[in-house]
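Below is one structure, written out as structure tokens, with a few remarks after it.
Residue numbers (UniProt numbering): 1 to 347.
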């Protein structure tokens with residue numbers, strides 16, 4: 001009782017200080033983001049992570065407590081007391097809250113927790129309900145979460161740097177009119193952390209981490225959106241290689257998901273001829289990477305990207321302009337920033 005009495009006073013006295021700390025750390029990150037001192041950026045990123053608290057942290061704690069309780073005997077009162085957590089989380093998932101699929105800090109999937117939550121979700125909805133799974137992949141800070149928020153009207157956290165950690169899934173209920181078009185009752189959106197993260201680049205197994213994450217989410221998805229920012233075109237080949245390896249492994253298990261490329265910050269989205277040349281160049285690069293990946297995986301019968309992926313150069317590319325129509329700060333917001341993602345989602 002004494003602790004409970006002190007709790008409101010502690011929260012009220014500490015909250016302003018914590019908010020000031022978070023804002024100051026964010027300002028430091030914005031100033032130092034392009035710095036060559038990677039250790040300094042890593043330290044600020046860690047402070048930013050430690051100063052943040054969201055619903056995902058509470059979901060994570062619920063999952064870890066539930067996973068720990070599973071090791072107890074079935075008759076143990078402590079285990080029985082926590083059996084309602086998966087159903088509670090499934091109800092929150094139906095209400096539009098995102099569920100952490102991959103722990104971004106530990107690179108771990110709480111299999112029992114996620115499995116039981118999805119089992120409870122299956123019990124809450126109609127047994128014959130169909131779910132369309134859409135995943136987004138891309139380099140860090142290319143606007144993946146912002147793209148999903150604009151396309152589907154959701155609220156994934158957005159910020160500069162390594163904002164999303166791990167992978168989150170969010171359920172969207174489809175209305176009756178769209179059900180007939182999509183032939184599904186729900187849409188599961190999976191938002192992933194950025195590949196080629198500078199924070200993880202110093203680790204020896206950073207490539208393995210990216211490959212595993214890409215393979216996991218591609219394996220779960222029906223449609224994979226590859227988000228490419230034009231200013232990060234130098235890193236485009238790296239992410240394409242990761243994606244091709246993931247798609248190649250999916251073919252081994254008899255799965256051939258659809259692929260859509262979204263090109264961000266395109267200067268002139270109406271220049272059809274220029275975009276046509278870009279599409280041909282992209283397909284050529286994809287074919288080269290498919291051949292290289294197939295050779296590494298000893299699956300050399302795959303000669304082109306379309307052998308492992310349901311992809312059409314004419315209908316599988318979308319171009320989104322930059323935020324500003326001119327040079328800021330006086331430039332107006334580009335109207336295509338909202339319209340183009342909506343067109344992509346309707347396709």
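Every residue, glycine too, gets a C-beta built ideally from N, C-alpha and C.
It should be emphasised that the depicted structure is a prediction, and the values quoted were computed from it without experimental measurement.
Mind checking residue i: buried by the 16 CB within 10 Å criterion, or exposed?
i, result
"residue 260", "buried"
"residue 144", "buried"
"residue 177", "exposed"
"residue 2", "The predicted model places residue 2 with a pLDDT of 42, which falls under 50 and marks its position as unreliable, so this point remains unresolved."
"residue 210", "buried"
"residue 245", "buried"
"residue 116", "buried"
"residue 183", "exposed"
"residue 315", "exposed"
"residue 70", "exposed"
"residue 194", "buried"
Return helix, strand or coil for residue i, following the three-state DSSP convention.
i, result
"residue 75", "coil"
"residue 229", "strand"
"residue 258", "strand"
"residue 151", "helix"
"residue 241", "helix"
"residue 167", "strand"
"residue 309", "coil"
"residue 186", "strand"
"residue 82", "coil"
"residue 143", "coil"
"residue 275", "helix"
"residue 125", "coil"
"residue 103", "strand"
"residue 175", "coil"
"residue 315", "coil"
"residue 194", "coil"
"residue 302", "coil"
"residue 96", "coil"
"residue 138", "strand"
"residue 53", "coil"
"residue 131", "strand"
Please say whether residue j and residue i have beta carbons closer to each other than 8 Å?
i, j, result
"residue 79", "residue 72", "yes"
"residue 305", "residue 281", "no"
"residue 137", "residue 192", "yes"
"residue 62", "residue 131", "no"
"residue 135", "residue 225", "yes"
"residue 277", "residue 317", "no"
"residue 319", "residue 266", "yes"
"residue 190", "residue 101", "yes"
"residue 262", "residue 227", "yes"
"residue 229", "residue 284", "no"
"residue 248", "residue 299", "yes"
"residue 169", "residue 218", "no"
"residue 124", "residue 90", "yes"
Rounded to whole angstroms, what's the CA-CA distance from residue i to residue j? Just pull it up for me.
i, j, result
"residue 103", "residue 166", "5 Å"
"residue 297", "residue 290", "10 Å"
"residue 309", "residue 113", "31 Å"
"residue 60", "residue 43", "23 Å"
"residue 221", "residue 275", "27 Å"
"residue 154", "residue 67", "29 Å"
"residue 57", "residue 99", "10 Å"
"residue 239", "residue 312", "19 Å"
Check whether the stretch 87-103 touches the stretch 169-178, counting contact only when three or more Cβ pairs, one atom from each stretch, lie closer than 8 Å.
-> yes
Would you call the stretch 97-117 and the stretch 129-148 in contact, with 3 or more CB pairs under 8 Å?
-> no
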